[in-house]
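Single-structure report; data block below.
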Amino acid sequence: MRVRGAWIGALCGAALLAGCGGPRPQDRRATLEERRAELRDAIADDPAALDARTELARVAIALHDGVAAEAAVKAALAAGGNAEVLRPLLARAYAMQGDGRRALQTLDAGPIAPEAIGEAAWVAGNVHLDNGDLGAARDAFDRAVRELPRESALWVDVARFRDANADTLGARDAVDYAIELDPQNSGALALKANLVRTQQGLVAALSWYDKALAIDPDNAGALIDQAATFGDLGRYRDMLAALRRAAAVTPGDPRLYYLQAVLAARADDYQLARSLLQRTRGEMDDQPGFMLLSAVVELQLGGEAVAASWAERLLMAQPDNATARRILAAANWADGDADGAGEALAPLVARADADSWSLLLAARVAAEQGARAASAGYMTRAAALTRGDAAPFAVDDDYGLVAMRADAAPLDPANVIPAIAADIERGRGGAAINRARALRDANRGVADAHILLGDAAMAGGQYELAIEAYRKARDLDASERTTLRLANALYRANDPAGSGAAILALRDSQPSSIAADRLAGHLAMDLEHWDQAIAHFERVRRRIGNRDVVILRELARAWAAKDRDDRALPLIALAYRLQPLNGDIMLIYADLLERQGDRQAAEDLRDKADQIGR
1 MRVRGAWIGA LCGAALLAGC GGPRPQDRRA TLEERRAELR DAIADDPAAL DARTELARVA
61 IALHDGVAAE AAVKAALAAG GNAEVLRPLL ARAYAMQGDG RRALQTLDAG PIAPEAIGEA
121 AWVAGNVHLD NGDLGAARDA FDRAVRELPR ESALWVDVAR FRDANADTLG ARDAVDYAIE
181 LDPQNSGALA LKANLVRTQQ GLVAALSWYD KALAIDPDNA GALIDQAATF GDLGRYRDML
241 AALRRAAAVT PGDPRLYYLQ AVLAARADDY QLARSLLQRT RGEMDDQPGF MLLSAVVELQ
301 LGGEAVAASW AERLLMAQPD NATARRILAA ANWADGDADG AGEALAPLVA RADADSWSLL
361 LAARVAAEQG ARAASAGYMT RAAALTRGDA APFAVDDDYG LVAMRADAAP LDPANVIPAI
421 AADIERGRGG AAINRARALR DANRGVADAH ILLGDAAMAG GQYELAIEAY RKARDLDASE
481 RTTLRLANAL YRANDPAGSG AAILALRDSQ PSSIAADRLA GHLAMDLEHW DQAIAHFERV
541 RRRIGNRDVV ILRELARAWA AKDRDDRALP LIALAYRLQP LNGDIMLIYA DLLERQGDRQ
601 AAEDLRDKAD QIGR
């Protein structure tokens, strides 16, 4: 079993985006630079020119030059400027330099002039948002919007705040209003592109990046996010071109090295990928995508201990990250630490929807530890996945305590979500739906709230309600997590055509989606469209390698249906080596061997399959 499989295919597009705003439009940039030169000349002629110094500070802020802004504000204060007016400008200059603490201290150092209150609140909102204090950020942005209701750039930051709050609908409304107020706001258009990417898919986002860059070709944030989108679409030449343009604008930006490392890893040049990751100099070490890629690269290069360290760091931030947990298990196993591998796999194999790779590695770990019965159980579950069998799963939460917490705070997701899960496990579908509906009603702009209602409805067998909820969620977020749920609900509601349409729509909008290709392949198999099935499954195999027996089996079946036994036999042989006790695979292998004239081997396999099936 190849534990160092093609992990790079597991990297998701969402993790590749570093997520940053963009600078001001190019035509305004040129005008601002000209104005800055004029103001400097005016100040040289009249050092006491207070208005010129204040305007110079504002021009520097508009140019995102925090150091120059700080110098200009301090010079204006030294020339007798009004501190109550200038204090928010100085705070913004500090915030632009990444010193949020000093920015807040500056705002609190004295009174703020009435005409500057909106700007002071705006600065505070951004600092609180960057610090992750969403409550304080909400209060500050509310005050800022009351004072500056028609400031386009402010509405971009409000959209950023709402997006951080998972309020997709609110973020969309805010950025649309920012564009309405100023159609030439490149930063607003770039953020719109990122929101569209989530809502409608990768392809739909590209036109918005183009609009942002048409206004400001030097918008580094838009260039980097566009490059990441090109990468997720498999358009690597376009990705590299965008990265090169971004490098000319913001040389040394760590996001550039990270995305170039993604390109190198996808080209299997892991040495280059490692070198590029190291050039970020630790500035992205806390980003989930960076940690995941680092773990992948180190595992591929044989640095199992380092790979495990990165995977463990990621799991501390994202305990439910299944890919990180698989990498940790693979790294520990390759490093000879069977106990560590088993510990990493335990949460995955305890799930009813455990994947075959995790189950197979768990079987090997259990065998290594002498637990033969457990090993056989994992092998049986892995084999069952190819037949679509289900496995029971239970939770051990204290239901009474969980329900009491949820009843006391019916709109707190931290309390309500465990209660919904507990209700579902105990067959209290109505209670689960009522809890989820109340949470949804209070958060209609949040995709997760609709998903939660859909999940509760599915568990209760109310497929029409689930479909309605998932459609609402998909309107806000058209990613795999919503679309696949919708497809499943439609299928369970006896609408296979609608289910297939949802899957194909996901495939069109997210060409990098492994799940969409996988399901589209199964649909093509059902319709006996062999070439289409092969195309879908081969794309999956190129991304994940030869570690999924279902993909290998279906590819073998499709090639065999086309009378291409030369292509089918190696694939089914690979599947058999992965799962030598899988009866379905044995029978397909036997049929192909018999067609090649090897009747004795075919009979032996059929006998073995028959014995296992008894």
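Residue numbers (the UniProt record's numbering): 1 to 614.
Note that beta-carbon positions come from the ideal geometry of N, C-alpha and C, so glycine has one too.
None of the values given here were measured: they were computed from a predicted structure.
Beta-carbon contacts of residue i that lie in its chain and below 7 Å, excluding the five residues immediately before and after
i: residue 260; result: 243 and 276
i: residue 127; result: 95, 100, 103 and 104
i: residue 197; result: 205 and 229
i: residue 57; result: 69, 72, 73, 76 and 89
Residue i, buried or exposed, once every other Cβ within 10 Å from all chains shown has been counted against 16
i: residue 53; result: buried
i: residue 533; result: buried
i: residue 298; result: buried
i: residue 304; result: buried
i: residue 286; result: exposed
i: residue 226; result: buried
i: residue 30; result: exposed
i: residue 144; result: buried
i: residue 150; result: exposed
i: residue 232; result: buried
i: residue 207; result: exposed
i: residue 183; result: exposed
i: residue 93; result: buried
i: residue 185; result: buried
i: residue 527; result: exposed
i: residue 44; result: exposed
i: residue 472; result: buried
i: residue 392; result: Residue placement at residue 392 cannot be trusted, given a pLDDT of 36 that sits under 50; what the coordinates show is reported in the next sentence. By the neighbour-count rule (16 or more Cβ atoms within 10 Å), residue 392 is not buried but exposed.
i: residue 214; result: exposed
i: residue 387; result: For residue 387, the predicted model reports a pLDDT of 48, less than 50, meaning its position is unreliable and no value from the coordinates is stated.
Nonlocal neighbours in the same chain, by C-beta distance under 8 Å from residue i, ignoring five residues either side
i: residue 611; result: none
i: residue 199; result: 168, 172, 475, 476, 477 and 478
i: residue 318; result: 288 and 324
i: residue 459; result: 424, 429 and 432
i: residue 596; result: 565 and 569
i: residue 97; result: 66, 67 and 70
i: residue 372; result: 366
Beta-carbon gap between residue i and residue j smaller than 8 Å
i: residue 590; j: residue 564; result: no
i: residue 191; j: residue 175; result: yes
i: residue 382; j: residue 359; result: yes
i: residue 140; j: residue 159; result: no
i: residue 195; j: residue 165; result: no
i: residue 618; j: residue 293; result: This structure gives no information on residue 618, because the portion of the chain shown stretches from 1 to 614.
i: residue 465; j: residue 439; result: no
i: residue 519; j: residue 497; result: no
i: residue 251; j: residue 280; result: no
i: residue 513; j: residue 507; result: yes
i: residue 155; j: residue 178; result: yes
i: residue 161; j: residue 136; result: no
i: residue 453; j: residue 469; result: yes
i: residue 265; j: residue 296; result: yes
i: residue 435; j: residue 416; result: yes
i: residue 501; j: residue 510; result: no
heavy atom of the ligand MG below 7 Å from residue i C-beta
i: residue 548; result: No copy of the ligand MG occurs in the structure displayed, which carries no ligand at all.
Nearest-angstrom Cβ-Cβ length linking residue i and residue j, presumed shorter than 8 Å
i: residue 631; j: residue 84; result: Nothing about residue 631 can be reported from this structure: the residues present for the chain run from 1 to 614 only.
i: residue 89; j: residue 67; result: Not really, about 14 Å apart at Cβ, beyond 8 Å.
i: residue 523; j: residue 503; result: 7 Å
i: residue 558; j: residue 525; result: 7 Å
i: residue 344; j: residue 332; result: 6 Å
Cβ neighbours of residue i in the same chain (closer than 6 Å, five flanking residues each side left out)
i: residue 163; result: 171
i: residue 21; result: Residue placement at residue 21 is flagged as unreliable, the pLDDT there being 38, under the threshold of 50; the coordinate-derived value follows with that caveat. For residue 21, where only same-chain residues beyond five positions count, the Cβ hits under 6 Å are 187 and 221.
i: residue 578; result: 549
i: residue 396; result: Low per-residue confidence applies at residue 396: pLDDT is 41, beneath 50, and the placement is therefore not dependable, though the value from the model is reported in the following sentence. If we look at residue 396 and ignore the five residues flanking it on each side, it has no Cβ neighbours.
i: residue 574; result: 546 and 552
Every unbroken alpha helix (DSSP H) within the region 178 to 253, with a cutoff of 4 residues, ordered by chain
186 to 200, 202 to 215, 220 to 232 and 236 to 249
Whole alpha helix (DSSP H) runs in the region 348 to 387 with 4 or more residues, listed along the chain?
356 to 368 and 372 to 385
For the region 88 to 116, which segments carrying the alpha helix (DSSP H) assignment without a break, of at least 4 residues, lie completely within its bounds, in sequence order?
As far as the region 88 to 116 is concerned, its whole alpha helix (DSSP H) runs of at least 4 residues are 100 to 107.
Could you name each continuous alpha helix (DSSP H) segment of 4 residues or more that falls completely within the UniProt repeat "TPR" (447 to 480), going from the start of the chain to the end?
447 to 459 and 463 to 476
At 4 residues or longer, and completely inside the region 525 to 562: list those alpha helix (DSSP H) runs for me, N to C.
530 to 544 and 549 to 561
List in chain order: all unbroken alpha helix (DSSP H) runs of 4+ residues lying wholly within the region 396 to 440.
399 to 408 and 413 to 425
Completely contained alpha helix (DSSP H) runs for the region 240 to 317, where each covers 4 or more residues
254 to 266, 270 to 278, 288 to 300 and 304 to 317
Note down, one range per segment and in chain order, each alpha helix (DSSP H) of at least 4 residues found wholly within the region 34 to 99.
50 to 62, 66 to 78 and 83 to 96
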